[in-house]
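A quick write-up on the structure given underneath.
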Amino acid sequence: MGLSTLCVAVCCLCLVNTSAGQNPNKEENKSTGRCSGWEETLSNQLTVPSNFISFLKTNSKNLPKLSSGCVMSFNQSVNASAVADLMKALNEVYDDLNPGTRKMVYLWIEKMYSKEDGKPSDKPGKNDMPDQEKGKSNWITVNVLKLLGRFLLQAPISAIKDIGGNVNSLCSLYSNVTGPFDKFYDLNSAQANFLFQGLQKCNVNITDKNEIPKLGQMACFFPPFAGKLDQSAIDALMMQLKNCSGDVKNVYQNLMKSRPAGSMNADDLKNLGDAAVGFSVSQLGNLSKKAIQESLDQLTKVKGWSQGQKKALLEKVLDTADTQSAEGLKKLGSLVSALDSKALGKLNSSELLAAFKSQDVAQSAESMQPIQKKTIVRAILKDKSINEALKELPPTLMSEISSQTLKNATVGTLTLDFLDKPIPWNKGQALVIIKTILKNLKTPEDIKKLWDAVTGLTCSNIESMSVDNLRALAANEKITRDQVRCAAAAYSKALNKTLTALTAVEITQIPPSFLLSLKSFDELMKIPSTSCSSVVSLLAQANPKLLSRSSPRRQEILTFIKSCLKLNDTITLNASQVRDLGLAVCYFNSKDFDNMGTDVFQEAIDKLKDCGKFEGKMKESLASKITATYGNSSTWTPDVLNQLQSLLSLFNSTQLEKLQPTADIRVVLGDILSRVIKPEGFVAPDLDFTPKMDIVSKAFSKMVLGDPAATPSGKRRKRAAVNCSGVTPPTTDQIQILNAGCAALSPVQLQCMSTDTFTNTLDILASVKGFSMEQLTALKEKALQVYSQKADLVKQITSLKGIALAFSQDEVNDYFATPDIDMLSAVGESKDWLSPATQSQAKSIAENFLKTKPASNLTSSDLVGMRYFICVLSAEQIGNISNTEYSTAASNIGALQCPSNVLTALKNKAISTFGSPDTWSEDVVQSLGTTLAGLNGSEISKLGEKVMPYLTPEAVSLIPPALFKSLSLEQLRNLGTDNFAAVSSDQKAQLDTLKLQALNENAGATNPAYSAGHKISPAFAAVTLILTLLTLNLL
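Residue 63 in our numbering sits at position 60 of the sequence shown, with consecutive numbering throughout.
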């Protein structure tokens, strides 16, 4: 048994390697602190191989399932030939391996080859011996590089940097191995940067047309001097870029910068192919109409056009283009998404559906605005049944089908095979779908076909499921917290056994997420110590983000883990145990981390960055521990930054400003920021796990912009001339690199940018959410300067988006005199229109629009397009809206946070459309969204208890505290996990003891009295403490 047996003896847990947000039941998260089954044979064969290649072929389908825990237990004294055969096989299935296994394979090779005595048991060849040069990664010789293959990309950045500096290794690999970088599909910009630096030391001229094909995936990160290549090298690079899987638009932009677009003809454009996407908006504007029109077939197939680029191209061909037929739209291809809703609404259903059979047109729908999608769906449904439409619509457009319309779809259309693909159904649609197909959901295979529609399964649907079906349900990443709770209860019922009566095998079969949602942890605490390690292993696999940040269940889990491990203090934890705990480290408190050894804490870092957001004492403790472990931020290397990732959010601006502003650090910071994506829409604070990266973004922005001379930021008078002397305005490249980080630019910098920079980056600048009103005003002034003619500015309003918030009342009267719905849709996304400073302008824009189209004539497309301008309508205007049109736009309107008086008017419209609140079904409640916050006390008390989980958290947060107390005990008890997290302390303060207890049952813990924001009685706390201590002693 050897090393694997020793690992079992040392570790009482099983290795888990799971990432936040991933489904805990995927193969990559299976509990494996050692090898099992075929893996055990693999481990043994590495030491004493017997027909090893035959064994690998026999297990070729199993190889992608290789667990990281098994790799961790591999012996380091193994047969070199067997290692080579295994690495070749693993490289072939690299893309199918889970990330944890990839990382562990690299570490295994590193441990073997970085030992003083060198290598696997076969005597190494001369070229395998460690180089004698100084450096941490001199063990990575050319033969080791060949052995690693794609696994090289799992190395820390410092190792990649050392390789770049090791002439013998990298240069020999580049010169003697065919296409060494061809399959580096997960190469990132920082790694590519260091490899390019290494090639320069090899005297490789990467600008040579003969060298470029050898770059493989490195070409996807070709340095900024791409524009200085000669034509033959450019042709070679463009050919190589076709093999890139990621976004290479920046490389194309560098290639196209110096191109004189104005002198190019159609043939020139055709020859450019995909590289044309690198043209700036200004360059596209300089192209002749004839050149664009004659090369349109090629240009419309190019991927990656921004909306501004599409508009620039469309403007050149619109007067000759046919936008009223399927064939005309097909010729426009990807440019279709730049057509306004008026043009799209003129086509009939047959033409639209025929057009969307074109892949280019169908893909263009992915970048369309909701009003464009709604207009298309509405036009199709005018003379096509929902059943006909569903069979031909692209999945991207299906999200704009109202749940009311979807109720007319038959089970013959909504088959399981039809649903078995990624379609972005919302929860209201999913509820309708499940009601239609429920009788056909019989087997685990049926459950697996649901994809996004799984969110439509109600508790009553789930509670009668079989054990196998419940396991299939748990494997769906879209399952909600409430569904997990229901499924956990159903699973316990279906097993018909207590946890203490389960066998070891039955315990390992429990979906990890179900353990988080047990009604009570009391029984779990009674599990014998011989079985508790299996339970801990499951807890380590479960996604902690299923629990709110303040959930008392987190403390219960930590208590159980410590009891099982017999941990009185985390100072006794070793690195192996922490590795095995997986994401369960997210439950540790600040004291636990304070007590950890630095080597153990380093092991925890990999999981901590997936835990989400940290605040208060925990934030301070972790920041302090990181500093103690990695040193002062001024000494941090790219490796340290890569290890910390989103944990950089723990540090203040003073600490982050000490980072060395090197190119390497800047590249890594930019990569880290690009990975942290804020969720769209409302998220209850207690369920907001997205790290706040604002300070990190500011530090990054400062590195990109340098340290320009101080620029004045005082308020300017309207139309006052701006003195740009001494001001360093941002360049196009800087704005493209910064993206959302452009919020760091001063108002004067924004107004002093060149006309070309403004024109070429308007897409980015108009979409930045963090601009102050002063910054928006500067951008508006720039827009007035660039588009000095009124007609030109009116034409560009849809491109200005949020910048329009800075328009004065006079400017609104001037430029929004006769606005169309596309203008409202483009600028109306922001809730800031409801602020005192801009509400008057918003009302003027809405009134000007309604002069040409009264409220009674508004279509569902108009209602969707009005966005926040809906929130400034009067009660009379809202009352005049057609019930039919409102019913198909209700879910879009229900995503708005309108003032209370407008919510009341919208609620009255909902009642006139859908009937009394006591008749509203789950899908109606879900679709109405925030409109439900307009119900009065009598109306809200009529809502059925079964529909309560389908209120949206945003709606719950908007219910006035005085009305929140009108909810009954059963309504509060059934509110649901996400909705419970959205309840404010002011709302809770209005509840009496019984109602508060009912509400707290949604907290999902043994003792719901521990809910966030509420104190418990001293007597109850004392009893709980005594029971906990007794339980720990019993264990």
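The beta-carbon is built from N, C-alpha and C at its ideal position, and this holds for glycine as well.
Short Cβ contact (8 Å threshold) for residue i with residue j
i        : j       : result
Ile-166  : Gly-201 : yes
Asn-62   : Arg-153 : no
Ala-809  : Leu-768 : no
Pro-398  : Ile-426 : yes
Pro-694  : Ser-652 : yes
Leu-176  : Gln-220 : no
Asn-1005 : Leu-978 : yes
Gly-1039 : Arg-556 : There is simply no residue 1039 to check, as the chain begins at 4 and stops at 1038 in what is shown.
Lys-785  : Phe-819 : no
Lys-565  : Phe-604 : no
Tyr-255  : Gly-281 : yes
Ala-545  : Ser-516 : yes
Spatial distance of residue i from residue j (CA atoms)
i        : j       : result
Ala-743  : Val-725 : 25 Å
Met-706  : Val-679 : 19 Å
Ser-636  : Glu-330 : 59 Å
Ala-475  : Gly-307 : 37 Å
Glu-618  : Asp-595 : 16 Å
Lys-33   : Ser-770 : Low per-residue confidence applies at Lys-33: pLDDT is 41, beneath 50, and the placement is therefore not dependable, though the value from the model is reported in the following sentence. Roughly 41 Å between the two C-alpha positions.
Ser-309  : Asp-766 : 7 Å
Lys-3    : Lys-164 : Only positions 4 to 1038 of the chain appear in the structure, and residue 3 is not among them; the question remains open.
Glu-395  : Met-401 : 10 Å
Leu-899  : Tyr-97  : 44 Å
Val-730  : Ser-340 : 38 Å
Glu-814  : Asp-981 : 43 Å
Thr-1090 : Leu-69  : Outside the shown range of the chain (4 to 1038) lies residue 1090, about which nothing can therefore be said.
Val-950  : Ser-405 : 18 Å
Asn-268  : Leu-299 : 12 Å
Leu-419  : Trp-454 : 10 Å
Arg-582  : Glu-957 : 37 Å
Phe-872  : Leu-866 : 9 Å
Asp-602  : Ala-158 : 19 Å
Met-528  : Phe-563 : 6 Å
Ala-781  : Asp-823 : 25 Å
Gln-296  : Leu-316 : 9 Å
Trp-41   : Ser-80  : 20 Å
Ser-885  : Phe-685 : 28 Å
Thr-144  : Trp-428 : 51 Å
Check: residue i C-beta below 7 Å from any heavy atom of the ligand HEM
i       : result
Ile-806 : As for the ligand HEM, it is missing from this structure, which has no ligand bound.
Close-in-space but distant-in-sequence residues of the same chain around residue i (CB under 6 Å, 5 per side omitted)
i        : result
Gly-773  : Ala-746
Arg-719  : Reliability of the predicted coordinates at Arg-719 is poor, the pLDDT of 46 falling under 50, and the value obtained from them is presented with this limitation in mind. Same-chain partners within the cutoff: there are none.
Leu-1037 : Model confidence at Leu-1037 stands at a pLDDT of 34, short of 50, so the residue's coordinates are unreliable; what they give is reported in the following sentence. Answer for Leu-1037: no residue qualifies.
Tyr-889  : Lys-912 and Thr-916
Gly-459  : Ala-433, Leu-434, Ile-436 and Ile-437
Lys-910  : Thr-934, Gly-937 and Leu-938
Gly-265  : Asn-289
Contacting residues, own chain, Cβ-Cβ under 7 Å from residue i (five flanking each side not counted)
i       : result
Asp-363 : Thr-303, Lys-304, Gly-336 and Ser-337
Gln-737 : Val-707 and Leu-708
Leu-994 : Lys-968 and Leu-1002
Glu-369 : Thr-399
Residues near residue i in its chain [Cβ-Cβ closer than 8 Å; skip 5 each side]
i        : result
Pro-1021 : With a pLDDT of 41 at Pro-1021, under the threshold of 50, the modelled position of this residue cannot be trusted, and the question is left open.
Ile-465  : Leu-473, Leu-476, Gln-486, Cys-489, Ala-490 and Ala-493
Asp-825  : Asp-343, Ser-344, Lys-345, Ile-374, Thr-801 and Gly-868
Lys-616  : Arg-552, Ser-652, Asp-691, Phe-692, Thr-693, Pro-694 and Lys-695
- Message: I'd like to know if the segment 341-348 and the segment 375-383 are in contact, where contact means that at least 3 CB-CB pairs between them fall below 8 Å.
- Response: yes
- Task: Answer yes if the segment 820-829 comes into contact with the segment 889-898, meaning at least three C-beta pairs across the two stretches below 8 Å, and no otherwise.
- Result: no
- Query: Looking at C-beta atoms only, is the number of pairs between the segment 842-852 and the segment 353-371 that lie closer than 8 Å three or more?
  - Reply: no
- Do three or more CB pairs link the segment 103-116 to the segment 62-76 at distances below 8 Å? yes
- Could you tell me whether the segment 919-935 touches the segment 984-994, where touching means 3 or more Cβ pairs closer than 8 Å? No: fewer than three Cβ pairs fall under 8 Å.
- Query: Are three or more beta carbon pairs between the segment 501-510 and the segment 479-491 nearer than 8 Å?
  - Reply: Short answer: they don't touch.
- Query: Should the segment 639-647 be regarded as contacting the segment 666-675, the criterion being three or more beta carbon pairs within less than 8 Å?
  - Reply: yes
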